[in-house]
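K.L.:
The structure is given below, and queries will be raised subsequently.
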Amino acid sequence: MRLENKLFQGKTLAILSGGGDTPAINSSIESIRNRASLLGFRVYGILQGWKGLLGDGDIVDLTNQPYDGYYGGTALRSSRTNPFPSKKNRESRVPQVLGNLEKYKIDVLVTIGGDDTNGAAKRLFETEGIPVIGFPKTIDNDLRTRTIHYYDGKEIEAVLCPGFPSAARSMMEMTASLKSTAESHSRIIVLEVMGRDAGWLTGTPTFGGATLGLVPEFEITKERKEVFFETVREAYMHSRKKCLVIPVSEGIRWYDEKTGKVDVVYASSEVDEYGHPRFGGVSGVIASEISAKLGIEARAQISGYYARSGHCRHYDRKLTTTLADKVVDLLLREEYGQMPVMKKIVPHVELEEFNTTSIDMGSVGNKPLSEDYYDINRFSFTPAYADFLSKILEKPTFEEFRYDFPVVIP
Ligand code: F6P
Numbered sequence: 008m009r010l011e012n013k014l015f016q017g018k019t020l021a022i023l024s025g026g027g028d029t030p031a032i033n034s035s036i037e038s039i040r041n042r043a044s045l046l047g048f049r050v051y052g053i054l055q056g057w058k059g060l061l062g063d064g065d066i067v068d069l070t071n072q073p074y075d076g077y078y079g080g081t082a083l084r085s086s087r088t089n090p091f092p093s094k095k096n097r098e099s100r101v102p103q104v105l106g107n108l109e110k111y112k113i114d115v116l117v118t119i120g121g122d123d124t125n126g127a128a129k130r131l132f133e134t135e136g137i138p139v140i141g142f143p144k145t146i147d148n149d150l151r152t153r154t155i156h157y158y159d160g161k162e163i164e165a166v167l168c169p170g171f172p173s174a175a176r177s178m179m180e181m182t183a184s185l186k187s188t189a190e191s192h193s194r195i196i197v198l199e200v201m202g203r204d205a206g207w208l209t210g211t212p213t214f215g216g217a218t219l220g221l222v223p224e225f226e227i228t229k230e231r232k233e234v235f236f237e238t239v240r241e242a243y244m245h246s247r248k249k250c251l252v253i254p255v256s257e258g259i260r261w262y263d264e265k266t267g268k269v270d271v272v273y274a275s276s277e278v279d280e281y282g283h284p285r286f287g288g289v290s291g292v293i294a295s296e297i298s299a300k301l302g303i304e305a306r307a308q309i310s311g312y313y314a315r316s317g318h319c320r321h322y323d324r325k326l327t328t329t330l331a332d333k334v335v336d337l338l339l340r341e342e343y344g345q346m347p348v349m350k351k352i353v354p355h356v357e358l359e360e361f362n363t364t365s366i367d368m369g370s371v372g373n374k375p376l377s378e379d380y381y382d383i384n385r386f387s388f389t390p391a392y393a394d395f396l397s398k399i400l401e402k403p404t405f406e407e408f409r410y411d412f413p414v415v416i417p
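Read in the working numbering, the sequence shown has 123 at position 116, and its numbers run on one by one without any break.
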C-alpha cells in the first residue's frame with residue numbers, strides 16, 4: 008500500500024508558550040514541531056502566549072524553518088496574558104481567542120506552560136471543545152506531574168517539569184562558584200532562589216556545596232527563627248573554611264520583628280493577570296539579621312533570573328524530546344485535554360517514551376515540596392531529596408582547594 012499523504016496532511020497545529028520562560032522551551036518547541044511535521048501537520052507558532060491570539064493575531068509559520076532548540080528561553084516569546092477574566096482584566100478575551108483559532112484554521116493547540124497557561128487551555132478544552140495538549144514547563148518544578156520517585160522502598164509523589172533540570176544545574180554551578188568568595192571572606196552568603204511558593208529549586212544549591220536551606224512550605228515563626236540562627240551558628244563554626252552558602256526561597260514566610268507577623272517579602276505590590284505578586288528581597292533581610300544576631304559577616308545574593316537563563320542542558324534536552332514523543336502518541340489517538348509527563352524519576356538514559364504517560368489537564372495543579380524532602384528540624388534537605396536530585400544532576404559539583412598551610416612561629 009502506498010500512502011499518498013501523511014496522516015495529518017492539511018491540518019494545522021499551533022504552539023504557544025506562556026508564563027515565566029525556562030532554558031528548555033525552545034527545545035520543547037523544536038521537538039514538538041519536528042514530530043508534528045512528520046505526522047503531516049503544518050506547524051504555527053503563536054507569539055507571546057495567549058496574547059498572540061488576541062486582536063488580529065500574531066502568528067508565525069514554523070514549518071520547515073531552522074530552529075535552535077539548545078538556545079535558552081523561547082523564540083515564540085512569552086507573556087502572562089490570561090484569556091479569561093481576572094481581577095486585573097475583567098473582560099473575557101475568549102471570543103478573540105476562538106475567532107483567531109478559526110481565522111488561522113488551527114486544528115490543535117499545544118500550550119507550553121505551568122499551571123496558569125495550561126489551566127486556561129484546559130478551560131478552553133472543557134468549555135469550548137478546543138483540542139489542546141498541555142506541555143509542562145517551569146523552573147519552579149511545582150506543576151503536579153504525578154511523577155513517582157522510588158526511594159528506599161517508598162513511593163514519593165515528586166514532580167519533573169522541563170526547565171527545572173537546567174535551572175537546577177545553573178544553581179548548582181552558581182553555588183559552587185559563590186563558595187570561593189564566601190571562603191575568602193569567611194562569610195555567610197544568603198542565596199535567594201526563585202520558585203515562588205515552592206522550594207523544589209531551593210534544594211539544588213546543596214549539590215553545589217550548600218548545607219542548610221529555607222523553603223516556603225515551612226514558615227519561620229518567631230520561635231523557629233531562634234532555632235534557625237542557632238543552627239546557622241553551629242554549621243558555620245563546624246565548617247572547614249568558616250563559610251556557608253545558605254539558599255532561601257524567594258517566597259519564604261519569615262517572622263518580622265517590627266510587625267510581629269510572619270510574611271513574605273514582596274518585590275512589588277503589582278500582581279499579574281493570574282493574581283500572582285512578585286517576591287524578592289528576603290535574602291537581604293535574613294543576611295542582615297544573621298550579621299546582627301550572630302556577629303558573623305553575611306551578605307545577600309539574589310540569583311533571580313539567572314536560574315531561568317542560558318542554554319538548555321542535556322537532561323532537559325532529552326526530557327523535552329521524550330515528552331514530545333508522547334505528544335505524537337496523543338495526536339495519533341486524538342486524545343486532547345491531556346499533558347505528557349514522566350511516570351517516574353529516572354536518570355537521563357531512561358528518559359524514554361515507554362517511561363511516559365499522560366495526565367488529565369484537569370488534575371494538574373500546584374505541588375509543593377514533599378515533606379519527605381525537607382527536614383524542618385535541621386533546616387536542610389533530606390537524603391531522599393539528594394537521591395531525587397542525583398537522578399537529574401548525577402553527581403554534586405564542587406571543587407575544593409583543601410589547603411592546610413603550616414603556621415609560621417617567629
Ligand atoms: O514561575 C516562574 C518564576 O520564575 C518564579 O520563580 C518567579 O517568582 C516568577 O516567575 C517571576 O516572574 P516574572 O518573570 O514575571 O518576574
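Idealized CB from N, CA, C, for every residue including glycine.
Since this is a predicted model, take the numbers as computed values, not measurements.
Is it buried or exposed, Glu109, if we count other Cβ atoms within 10 angstroms and call 16 or more buried?
P.N.:
Exposed, by the Cβ-count rule.
K.L.:
Does the Cβ of Asp149 lie closer than 6 Å to at least one heavy atom of ligand 1?
P.N.:
Flag unset: Cβ of Asp149 not near ligand 1.
K.L.:
Counting beta carbon pairs with one atom in the segment 224–233 and one in the segment 190–199, are three or more of them shorter than 8 Å?
P.N.:
The segment 190–199 is not in contact with the segment 224–233.
K.L.:
Distance, Cα to Cα, His163 vs Thr404?
P.N.:
One detail in the question is off: residue 163 reads as Ile in this sequence, not His. Their Cα atoms are separated by approximately 25 Å.
K.L.:
Can you tell me whether Thr266 is buried or exposed? The criterion is at least 16 other CB atoms within 10 Å of its CB, across all chains shown.
P.N.:
Exposed: under 16 other Cβ atoms inside 10 Å.
K.L.:
What are the boundary residues of the alpha helix (DSSP H) that Ile103 is part of?
P.N.:
The residue you asked about is not Ile; residue 103 is Gln in the sequence shown. Its alpha helix (DSSP H) spans residues 101–110.
K.L.:
Name the DSSP beta bridge partners of Ser387, please?
P.N.:
DSSP lists Leu219, Asp382 as partners of Ser387.
K.L.:
Just to confirm the assignment, what range does the beta strand (DSSP E) spanning Ile155 have?
P.N.:
Residues 154–158.
K.L.:
Could you name the residues of the same chain whose beta carbon sits closer than 6 Å to that of Lys300, not counting the 5 residues immediately before and after it, in chain order?
P.N.:
Result list for Lys300: Phe236, in chain order.
K.L.:
Touching or not, the segment 128–135 and the segment 178–187, by the rule of three or more beta carbon pairs under 8 Å?
P.N.:
No: the two stretches stay apart, fewer than three of their Cβ pairs being nearer than 8 Å.
K.L.:
Give the DSSP-derived three-state secondary structure of Lys265 in the structure shown.
P.N.:
In the structure shown, Lys265 sits in coil (DSSP, three-state: anything other than H, G, I, E or B).
K.L.:
DSSP three-state call for Ala294: helix, strand or coil?
P.N.:
Looking at Ala294 - three-state DSSP - the assignment turns out to be helix.
K.L.:
If we require 3 or more residues per run, which beta strand (DSSP E) segments fall completely within the segment 314–361?
P.N.:
Fully enclosed beta strand (DSSP E) runs of 3 or longer: 345–349.
K.L.:
Could you tell me the boundaries of the beta strand (DSSP E) in which Glu162 lies?
P.N.:
Counting along the chain, the beta strand (DSSP E) containing Glu162 begins and ends at 161–165.
K.L.:
So what's Arg409 in DSSP terms, helix, strand or just coil?
P.N.:
Coil.
K.L.:
Look at the alpha carbon of Phe286 and the alpha carbon of Glu241, and state the distance between them as a whole number of angstroms.
P.N.:
If I take the Cα positions, the gap works out to 29 Å.
K.L.:
Which term fits Gly120, buried or exposed, when burial requires 16 or more other beta carbons within 10 angstroms of its beta carbon?
P.N.:
Its Cβ being crowded by 16 or more others within 10 Å, Gly120 is buried.
K.L.:
Quick one: Cα of Pro148 to Cα of Gly291, how far?
P.N.:
Residue 148 is actually Asn in this sequence, not Pro. If you take the alpha carbons of Asn148 and Gly291, they lie about 25 Å apart.
K.L.:
Go to Arg240, then tell me how far its beta strand (DSSP E) extends in each direction, as first and last residue.
P.N.:
Per DSSP, Arg240 belongs to no beta strand (DSSP E); it is in the alpha helix (DSSP H), 229–245.
K.L.:
Check whether the Cβ of Met181 lies closer than 6 Å to any heavy atom of ligand 1, and answer yes or no.
P.N.:
No - ligand 1 has no heavy atom lying nearer than 6 Å to the Cβ of Met181.
K.L.:
Please report the straight-line C-alpha distance between Lys144 and Ile416, rounded to a whole angstrom.
P.N.:
Distance between the alpha carbons of Lys144 and Ile416: 59 Å.
K.L.:
To which residues does DSSP link Ser365 through a beta bridge?
P.N.:
According to DSSP, which records beta bridges pairwise, Ser365 is partnered with Pro347.
K.L.:
According to DSSP, is Phe15 part of a helix, a strand, or is it coil?
P.N.:
Residue state, collapsed to three classes: coil.
K.L.:
Secondary structure at Pro212, three-state DSSP: helix, strand or coil?
P.N.:
Looking at Pro212 - three-state DSSP - the assignment turns out to be helix.
K.L.:
For Glu264, which option in Lys248, Glu296, Lys249, Val252 has the closest C-alpha, if you only look at C-alpha atoms?
P.N.:
For the residues Lys248, Glu296, Lys249, Val252, the minimum Cα distance to Glu264 belongs to Glu296.
K.L.:
CB-CB under 7 Å to Thr211, same chain, minus the five flanking residues each way: which ones, in chain order?
P.N.:
The residues are Ala175, Met178, Met179, Leu396.
K.L.:
Looking at Arg176 and ligand 1, is the gap between the Cβ and the nearest heavy atom below 6 Å?
P.N.:
Every heavy atom of ligand 1 is 6 Å or more from the Cβ of Arg176, so no.
K.L.:
Going by other Cβ atoms of all chains shown within 10 Å of its Cβ, with 16 needed for buried, is Thr218 buried or exposed?
P.N.:
Label assigned to Thr218: buried.
K.L.:
Just to check my reading of the structure: Val139 and Thr118 have Cβ atoms closer than 8 Å, yes? What is that Cβ distance to the nearest angstrom?
P.N.:
Confirmed, Cβ separation roughly 6 Å.
K.L.:
Compute the beta-carbon to beta-carbon distance between Glu199 and Ile309, rounded to the nearest angstrom, for a pair I have assumed lies under 8 Å.
P.N.:
Confirmed, about 4 Å.
K.L.:
For Asn12, decide whether its Cβ has a neighbour in chain E, counting only Cβ atoms nearer than 7 Å.
P.N.:
You won't find chain E in this structure, because it holds only one protein chain.
K.L.:
Rounded to whole angstroms, what is the Cα-Cα separation between Gly17 and Tyr343?
P.N.:
Roughly 19 Å between the two C-alpha positions.
K.L.:
How about Gly202: is its Cβ closer than 6 Å to a heavy atom in ligand 1?
P.N.:
The answer is yes for Gly202.
K.L.:
Taking the Cβ atom as the reference point for each residue, do Ala43 and Leu69 lie within a distance shorter than 7 Å?
P.N.:
Their beta carbons are not under 7 Å apart, which means Ala43 does not touch Leu69 by this criterion.
K.L.:
So, with DSSP's three-state summary, where would you put Asp68?
P.N.:
Three-state result, Asp68: strand.
K.L.:
What distance in whole Å lies between the Cβ atoms of Tyr381 and Gly170, which are believed to be in contact at a cut-off of 8 Å?
P.N.:
With a Cβ gap of about 21 Å, Gly170 and Tyr381 do not count as contacting.
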